[in-house]
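Residue numbers (the working numbering): 124 to 444.
Quick reminder that beta carbons are idealized off the backbone N, C-alpha and C, glycines included.
For reference, the structure is listed below as structure tokens.
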């Protein structure tokens with residue numbers, strides 16, 4: 124077994140052991156709420172991580188897919204009485220359709236223009252949600268029933284964070300396994316080649332536009348599933364899912380530890396939520412801390428905490444006489 128495979132196996136094992144964290148922390152409602160929220164927001168961040176880490180571009184419109192998953196769950200559970208698995212499938216389908224449309228629209232754009240166009244799309248989507256009565260308008264959609272998953276005669280109903288936690292953990296583990304497979308897939312390696320050496324990629328016959336579209340579409344269902352579960356956690360969705368807070372949280376969770384690390388977004392999200400849950404300085408204060416951390420990482424340690432550790436570890440030690 125190579126060092127890389129060993130590291131990946133250890134990372135997956137640690138993520139699996141995270142299932143027991145709420146119980147070890149005392150099994151309190153706060154512990155279950157924090158762990159469930161970390162899992163949901165980490166999955167949300169992994170969607171944006173595919174774009175940033177493998178294409179080297181910043182999607183400022185990933186809140187569209189996050190919110191689409193939430194609205195799909197709300198509309199179909201409240202208005203049509205659908206259970207959890209059908210609403211999850213609908214969230215994935217809606218996200219893919221939106222990603223294809225937005226991906227094709229931005230196919231010829233790169234970097235700064237790509238970021239601006241995706242951000243503009245998110246602003247338009249928020250205004251549509253805010254003003255369209257079908258989506259609940261400014262009041263959103265309330266009264267989302269408890270998440271129910273039925274497979275044959277087996278049925279699970281989750282109405283609180285302690286009951287949602289196993290589902291959130293399963294979604295998180297499925298996301299980690301998907302990211303692991305993506306990293307070694309043809310699409311993942313092609314995306315890295317397009318980012319790092321586009322001329323070589325072209326010479327090898329790789330179509331950069333198809334690769335960019337493929338990665339963009341692959342990233343959308345991940346964030347959508349997070350939004351789907353978030354809707355059931357809150358029993359409500361509204362235009363606030365498009366807020367800049369979630370975008371900044373995604374980006375901070377991705378870069379704070381380091382890019383292209385399997386557990387990077389999960390650890391980053393955990394650091395953010397632990398601060399906001401147990402060391403909060405108020406809603407606005409927490410947002411200031413979040414924005415400040417993102418700015419500090421980008422300005423001082425672009426490679427994240429792992430890069431900072433590498434720099435500190437490589438410094439020659441001064442031995443006393």
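query	result
What distance in whole Å lies between the Cβ atoms of residue 186 and residue 245, which are believed to be in contact at a cut-off of 8 Å?	5 Å
Under three-state DSSP, which class holds residue 206?	coil
Report the start-end ranges of each beta strand (DSSP E) in the segment 272-316 that is 3 residues or longer and not cut off at the edges.	277-281
Please report the distance separating the alpha-carbon of residue 379 from that of residue 275.	43 Å
Mind checking residue 255: buried by the 16 CB within 10 Å criterion, or exposed?	exposed
Distance, Cα to Cα, residue 130 vs residue 177?	20 Å
Between the alpha carbons of residue 267 and residue 259, how many angstroms are there, rounded?	12 Å
If we call anything under 7 Å between Cβ atoms a contact, is residue 512 one with residue 367?	It is not possible to answer for residue 512, since the shown part of the chain is limited to 124 through 444.
For residue 238 and residue 422, what's the separation of their Cα atoms in angstroms?	19 Å
Pull up the distance between the alpha-carbon of residue 429 and that of residue 337, whole angstroms please.	29 Å
Please check the pair residue 210 and residue 195, which I expect to be a contact at CB under 8 Å, by giving their CB distance rounded to whole angstroms.	6 Å
As a quick exercise: from 144, 232, 323 and 358, pick the residue whose alpha carbon is nearest that of residue 107.	As shown, the chain starts at 124 and ends at 444. That puts residue 107 outside it, with no answer to give.
Spell out the partners DSSP gives residue 270 in its beta bridges.	281
Considering just the uninterrupted stretch of the alpha helix (DSSP H) at residue 250, what are its terminal residues?	234-254
Looking only at its chain, what residues have a beta carbon closer than 7 Å to the beta carbon of residue 339, apart from the 5 residues adjacent to it on each side?	174, 222 and 226
Identify the continuous alpha helix (DSSP H) that holds residue 172 and give its terminal residues.	152-178
Note down the Cα distance separating residue 132 from residue 265, rounded to an integer number of angstroms.	41 Å
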